[in-house]
Amino acid sequence: MAVGVTNSLLLIGIVHGHRRLWPFMPGPFDGMKVIGFDLETTGFDCRSERIVEYAMVGSDSDGKHISLCSMVDPEKRIPVQASDVHGITNSDVRGLGNFSQHSEKISEMMEDAIIVGHNVIGFDWGFIQMECLRAGIEAPRIRGFIDTLKLARRLRVPGRHRLSDLCDRYGILLERAHRADADASASLLLLWNLMRDYPDEFLGPIEDLIESLD
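Letter 63 of the sequence shown, counting from 1, is numbered 64 in my numbering, and no numbers are missing.
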């Protein structure tokens, strides 16, 4: 593992071929739990498709590094088209427990956290809500979202705004794209780069930014 400090905001390591955010992220996030979040699924429609993998990586409110990643049995067959994207097959998830068996850990990790993700509002959170509804449980109580897709569009970052394109633009290594842990980590690194390049957008309370992206 190679680790280096880029500045006072982030400690970056390279783990299993991709960069990770490590323990601390002060500045506007001082004293807050900040989590990069991503899902892989059986398809695009949260009403009929299911989660097959989730990942959360970031810092607790005390600056301690936290992470949680697991595959999930979707209780339906994973289409070949979906497996071609994320590489997760039916045999990979067999016997790993359905969403309800993972929900307590997920809710505990997300409790009062700022959730950072690429298209997290438009895609990932809808799946969490629907899975919780099916399981008859309350959705995690979070502090708010920072959707890096919405943020990149609002900042008018040049070029395309797919996560892979933005990672290329900012030199973020993303060798395992479309696996939840790699994409969750990349979203945090992308946020740091946007904070560095557009500092005026992060001068006020972070709640104002969250509200503006909602």
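In this text, a Cβ means the ideal position worked out from N, Cα and C, and glycines have one as well. The structure presented is a predicted model; accordingly, all values stated were derived computationally and were not measured.
Do residue i and residue j have their C-beta atoms closer together than 7 angstroms?
i       : j       : result
Ser-186 : Val-58  : yes
Gly-145 : Ile-211 : yes
Val-53  : Val-94  : yes
His-103 : Thr-149 : no
Tyr-55  : Ala-181 : yes
Glu-76  : Asn-91  : no
His-162 : Arg-155 : no
Lys-65  : Ala-114 : no
Leu-195 : Phe-128 : no
Ile-143 : Met-111 : yes
Ser-68  : Val-117 : no
Leu-214 : Lys-151 : yes
Asp-166 : Gly-172 : no
Thr-43  : Ile-79  : yes
Could you check where the alpha helix (DSSP H) with residue i kicks off and where it finishes?
i      : result
Ser-84 : 81 to 87
Along the beta strand (DSSP E) that carries residue i, what are the first and last residues, could you check?
i      : result
Asp-74 : Segment: none, Asp-74 is in no beta strand (DSSP E) and carries neither H nor E.
Ser-60 : 52 to 60
Tell me the DSSP secondary structure of residue i in three-state form.
i       : result
Ser-68  : strand
Thr-43  : coil
Gly-96  : coil
Gly-28  : helix
Ser-49  : coil
Ser-213 : helix
Which residues does DSSP list as the beta-bridge partners of residue i?
i       : result
Ile-147 : Val-117
Ile-36  : Gly-59 and Ile-116
- Whole beta strand (DSSP E) runs in the region 154 to 208 with 3 or more residues, listed along the chain? none
- Message: Report the start-end ranges of each beta strand (DSSP E) in the region 107 to 139 that is 3 residues or longer and not cut off at the edges.
- Response: 114 to 118
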